[in-house]
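Residue numbers (our numbering): 6 to 251.
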């Protein structure tokens, strides 16, 4: 009986040990599972933290971008306002400059009409070209002004140069080809192609007059100087100054 009791007690102890081991094993497994859950939560927390930092970085980048974009828009608005102001000024300046240029063309035309009748066709065509230019909307005011000033410069050069050219003139009811000698704009003379007849423009009477033979050699010499066949020298010519434009 004693032996059986000891055996029964031994069996009971073994069962208790196995139960304890099983419980411990189960506890360990639960601990592992809990740790795994903790690790998983930590991983998720790290991921969320990384995502949060990335979002914060994006927000900061967007803030900097928006600030720069605001500056750019402000700058563009200021530039547009400046362009609007310039366009308005150009319109005002155009309204003021156009009448001035028209008066300049009219003044030049009047001056040519009152001047000695040298290169009449060339000069009248230049004025006609300027008037046509002023009517063109596709030409900038700056180009119109440049062309007008160019015409004034050409007229100004006439007063400082000597020139000979051929043209026709009615003499005693006969159309004749003549050599015309322009001495600055103080004297406009002519000689026949054979050099025998000479004449000059009389600015007071506004007509051509025949000159005496005493001018023949001087005019012939002036023609040769203008053609660069002789060196510049003094010549004797009648003076005919242009009238003042009103």
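Beta carbons are placed, not taken as given, at the ideal position from N, Cα and C, and that holds for glycine. Bear in mind the structure is a predicted one, so any value in this text is a computation, not a measurement.
Using a Cβ distance threshold of 7 Å, residue 134 and residue 186 do not count as a contacting pair. In this structure the segment 116-134 touches the segment 186-199; the number of beta carbon pairs closer than 8 Å is three or more. Rounded to the nearest whole angstrom, the CA to CA distance from residue 234 to residue 141 is 44 Å.
Taking the Cβ atoms as the reference, residue 182 lies roughly 7 Å from residue 198, within the contact range of under 8 Å.
At least 7 Å separates the beta-carbon of residue 188 from that of residue 159.
In this structure, the straight-line span from the alpha carbon of residue 208 to that of residue 154 is close to 26 Å. Cβ contact annotation for residue 236 (same chain, cutoff 8 Å, sequence separation greater than five): 230, in chain order. If one requires a minimum length of 4 residues, the alpha helix (DSSP H) runs lying completely within the segment 110-186 are 125-139, 146-163, in chain order.
The beta carbon of residue 225 sits closer than 7 Å to those of 196, 200, all from its chain and outside the five residues before and after it, given in chain order.
Non-local C-beta neighbours of residue 165 in its own chain, meaning closer than 8 Å and more than five positions away in sequence, comprise 189, ordered along the chain. The C-beta distance from residue 240 to residue 218 rounds to 15 Å, too long to meet the 8 Å contact threshold.
Counting along the chain, residue 214 sits inside the beta strand (DSSP E) bounded by residues 212-215. Where residue 228 is concerned, the enclosing alpha helix (DSSP H) starts and stops at 221-231.
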